[in-house]
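Engineer: Got a structure for you, questions after.
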Amino acid sequence: MDPQLLEKRIEDALLIAERRQTPHFVGFLTEGEAALACRIAQNLRGRFCLWGGFDEADRTFFCALPDWCEPEKVSFPVAAFTLTFRPCDPVSHRDVLGALMALGISRESVGDILVEPGRAVVFLASDIAPYVLSQLEMVGRAGVKAATGFLEPLPARGSFSFVEDTVASARLDCIVAALVRCGRSKSEELIAEGRVCVNSFPCEKCAKQIEEGDRITVRGYGKFVVDSMQGRTKKGRIVLRAKKYS
Numbered sequence: 000m001d002p003q004l005l006e007k008r009i010e011d012a013l014l015i016a017e018r019r020q021t022p023h024f025v026g027f028l029t030e031g032e033a034a035l036a037c038r039i040a041q042n043l044r045g046r047f048c049l050w051g052g053f054d055e056a057d058r059t060f061f062c063a064l065p066d067w068c069e070p071e072k073v074s075f076p077v078a079a080f081t082l083t084f085r086p087c088d089p090v091s092h093r094d095v096l097g098a099l100m101a102l103g104i105s106r107e108s109v110g111d112i113l114v115e116p117g118r119a120v121v122f123l124a125s126d127i128a129p130y131v132l133s134q135l136e137m138v139g140r141a142g143v144k145a146a147t148g149f150l151e152p153l154p155a156r157g158s159f160s161f162v163e164d165t166v167a168s169a170r171l172d173c174i175v176a177a178l179v180r181c182g183r184s185k186s187e188e189l190i191a192e193g194r195v196c197v198n199s200f201p202c203e204k205c206a207k208q209i210e211e212g213d214r215i216t217v218r219g220y221g222k223f224v225v226d227s228m229q230g231r232t233k234k235g236r237i238v239l240r241a242k243k244y245s
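Following this line, the structure appears as structure tokens:
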């Protein structure tokens with residue numbers, strides 16, 4: 000979405016929520032769009048929250064909150080459904096997204112798509128979910144059955160590899176340098192250019208302290224989750240272990 004258009008939509012959502020005293024939504028947003036939306040709302044001192052159907056969703060709805068409403072009480076317009084197919088069918092994320100686009104669904108109406116052998120869980124804007132459920136019978140060359148809801152656990156987000164290194168401290172610039180295998184000066188440059196997000200929020204502070212479980216996205220290098228920072232070497236360096244998602 001064009002940043003200027005997104006800014007206008009967020010401003011309008013906050014104004015509508017204040018005037019009508021009802022939650023107002025914008026979405027689905029990418030991680031970058033969500034981070035920009037949060038920054039816009041914070042600058043305007045607006046109340047808001049984000050949700051994409053489950054805790055670790057990459058694509059989320061932005062909700063502008065009226066004064067009386069608490070985030071945990073918001074009913075987001077997000078619906079989930081499950082596609083089942085033969086485990087041998089080579090159904091991918093791209094196949095599911097392509098099938099939805101073929102139905103005339105806009106990308107903004109589609110949230111996360113999680114795929115594993117024999118099953119895909121899809122998050123959609125709730126107003127289009129009944130239409131999709133009634134129409135979607137094929138994904139690629141595979142026949143599928145669609146049903147509302149999903150069973151835990153959700154399909155894994157994707158394959159990942161481990162990154163292991165030692166760092167002098169838990170500062171963001173140190174962590175980024177280890178994750179993308181570059182020098183400190185390069186990691187500082189990436190952070191200064193706004194290419195680094197921590198837990199979906201852009202961060203330009205090299206000294207920000209990173210904790211276990213933090214999600215770090217470095218544009219052009221990938222997405223990482225800090226798995227552990229428990230051990231210490233004899234020289235006092237922190238032993239870093241993180242997951243890099245492909």
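Numbering that gives the first Met the number 0 applies: residue 0 is where the sequence shown begins, and numbers increase by one. No residue lacks a Cβ here, since even glycine has one placed at the ideal position from N, Cα and C.
1) Keeping to the same chain, check which residues put their C-beta closer than 6 Å to that of V238; ignore five residues upstream and five downstream.
2) For the candidate residues I9, P65, C48, whose alpha-carbon lies nearest to that of F75?
3) With H, G and I counted as helix, E and B as strand and the rest as coil, what does DSSP make of R46?
4) Please determine if the segment 95-102 and the segment 59-73 are in contact, where contact requires at least 3 C-beta pairs separated by less than 8 Å.
5) Can you list the beta strand (DSSP E) stretches of 3 or more residues lying completely in the segment 80-145, in chain order?
6) Among G45, P22, D213, which has the Cα closest to the Cα of K72?
7) Do the CB positions of L153 and F53 come within less than 8 Å of each other?
8) Note down the Cα distance separating I39 from K7, rounded to an integer number of angstroms.
9) What does the alpha-carbon distance come out to for the pair E210 and A34?
10) Can you name the start and end residues of the alpha helix (DSSP H) that V179 belongs to?
11) Find the nearest neighbour of Y130 within the set F80, D57, G182, judged by alpha-carbon distance.
12) Between G138 and G221, what straight-line distance do the alpha-carbon atoms span, to the nearest angstrom?
13) Determine, using beta carbons only, whether L102 and A145 come nearer to each other than 8 Å.
14) Consult DSSP for S226 and reduce its assignment to one of helix, strand or coil.
15) Judging by CA-CA distance, which residue of E17, R18, G31, A12 is the nearest neighbour of D1?
Structural biologist: This is what the structure holds:
1) As a position in the sequence shown, residue 238 is number 239, starting the count at 1. If we look at V238 and ignore the five residues flanking it on each side, its Cβ neighbours are T165, G230.
2) Within the sequence shown, residue 75 is the residue found at index 76, counting from 1. If we check each option's Cα against that of F75, C48 comes out closest.
3) In the sequence shown, the residue the question calls residue 46 occupies position 47. Coil.
4) no
5) The qualifying runs are 109-115, 118-124.
6) The count along the sequence shown starts at 1 and reaches residue 72 at position 73. Here the closest residue by C-alpha is P22.
7) As a working mapping, residue 153 is identified with position 154 in the sequence shown. As a working mapping, residue 53 is identified with position 54 in the sequence shown. Taking 8 Å as the Cβ cut-off, L153 and F53 qualify as a contacting pair.
8) Position 40 of the sequence shown holds residue 39. Position 8 of the sequence shown holds residue 7. Taking the CA atoms as reference points, I39 sits about 10 Å from K7.
9) Stepping through the sequence shown from its first residue, residue 210 is reached at position 211. Stepping through the sequence shown from its first residue, residue 34 is reached at position 35. So the alpha carbons of these two residues sit roughly 19 Å apart.
10) Here residue 179 refers to the residue found at position 180 when the sequence shown is read from its first residue. Looking at the DSSP string, the run of the alpha helix (DSSP H) that includes V179 is 171-179.
11) Counting from 1 along the sequence shown, the entry for residue 130 is found at position 131. Nearest of F80, D57, G182 to Y130, Cα basis: F80.
12) The residue you call residue 138 lines up with position 139 of the sequence shown. The residue you call residue 221 lines up with position 222 of the sequence shown. Looking at the sequence itself, residue 138 is Val, so the reference to Gly does not match. Answer to the nearest angstrom: the Cα atoms are 28 Å apart.
13) Taking the sequence shown and counting its residues from 1, one reaches residue 102 at position 103. Taking the sequence shown and counting its residues from 1, one reaches residue 145 at position 146. Not closer than 8 Å, so no.
14) Mapped onto the sequence shown, residue 226 falls at position 227. Here the sequence assigns Asp to residue 226, which means Ser is not the residue at that position. Look at D226 here: in three-state DSSP terms it is strand.
15) By 1-based counting over the sequence shown, the position of residue 1 is 2. Selected option, being the one with the closest Cα: G31.
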